[in-house]
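What follows is one structure encoded as structure tokens, with my remarks underneath.
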Amino acid sequence: DGGITQSPKYLFRKEGQNVTLSCEQNLNHDAMYWYRQDPGQGLRLIYYSQIVNDFQKGDIAEGYSVSREKKESFPLTVTSAQKNPTAFYLCASRPYSYTGELFFGEGSRLTVL
Amino acid sequence: DQQVKQNSPSLSVQEGRISILNCDYTNSMFDYFLWYKKYPAEGPTFLISISSIKDKNEDGRFTVFLNKSAKHLSLHIVPSQPGDSAVYFCAASGGGATNKLIFGTGTLLAVQP
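What follows is the structure, encoded as structure tokens:
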């Protein structure tokens with residue numbers, strides 16, 4: 265069955281380490297997104313990609329990097345430059361269209377020790 | 194600058210009664226609005242949407258109302274059930290080439306049995 269798979273669900277990292285969160289979708293969606301959720305701040309857009317080999321910064325891109333080498337995959341790297349990386353990270357996708365809802369994965373909880 | 198605002202962090206309602214969740218926006222270019230429901234440690238799931246050409250959209254127990262002049266939308270849940278207890282996010286998009294979704298900060302709904 266189709267959907268969005270994020271892994272790992274829980275991840276612990278020491279300060280100064282980079283970590284990569286995986287996001288894979290088999291919905292044949294063109295556009296993919298990474299959001300971050302913090303308590304009381306809703307969902308904030310980190311990066312998005314509307315087509316393979318192309319991506320744009322969202323509202324809080326500093327300290328993050330992404331790649332889009334395949335239509336199905338949109339991994340997010342949280343670098344050591346990200347000052348407050350502890351958060352719940354959500355990947356989403358949708359068909360390339362001007363309207364319509366996003367389909368979300370189950371999320372990844374990153375905790376920096 | 195918070196373009197989409199949910200001013201009530203939480204709401205408590207008795208089972209069987211109506212739940213009304215509110216959302217305000219500032220950008221008059223927004224033309225599509227959505228509500229999402231989210232349980233802890235899970236991804237948000239799409240509930241209902243409304244285009245700016247309408248002022249009401251209904252789907253079962255869920256109705257969304259849009260007041261463009263007031264830049265306000267609301268989600269009505271009737272009757273409320275304990276399983277509706279979750280965080281509800283409103284989101285808006287303004288069309289254009291990217292059509293990013295801007296999310297509010299969420300309202301935690303607790304439906305008491």
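As you go down the protein sequences, you meet chains X and U in turn. Plus 264 on top of the position in the first sequence (first one is 1) and you've got my numbering. Plus 193 on top of the position in the second sequence (first one is 1) and you've got my numbering. Idealized CB from N, CA, C, for every residue including glycine.
- For residue 357(X), the enclosing beta strand (DSSP E) covers residues 351 to 358.
- The alpha-carbon of residue 276(X) is positioned some 11 Å away from that of residue 351(X).
- If you draw a straight line from the Cα of residue 260(U) to the Cα of residue 293(U), it is about 21 Å long.
- Taking all protein chains in view, the Cβ of residue 238(U) is surrounded by fewer than 16 other Cβ atoms within 10 Å, so the residue is classified as exposed.
- Bounds of the beta strand (DSSP E) holding residue 306(X) are 306 to 315.
- A direct Cα-to-Cα measurement between residue 306(X) and residue 226(U) gives close to 16 Å.
- A check of alpha carbon separations from residue 234(U) across 336(X), 354(X), 278(X) and 326(X) identifies 354(X) as the nearest.
- Taking a C-beta distance under 7 Å as the contact criterion, residue 315(X) and residue 298(X) do not qualify as a contact pair.
- One alpha carbon belongs to residue 291(X), the other to residue 364(X), and they sit about 14 Å apart.
- The three-state secondary structure of residue 277(U), taken from DSSP, is helix.
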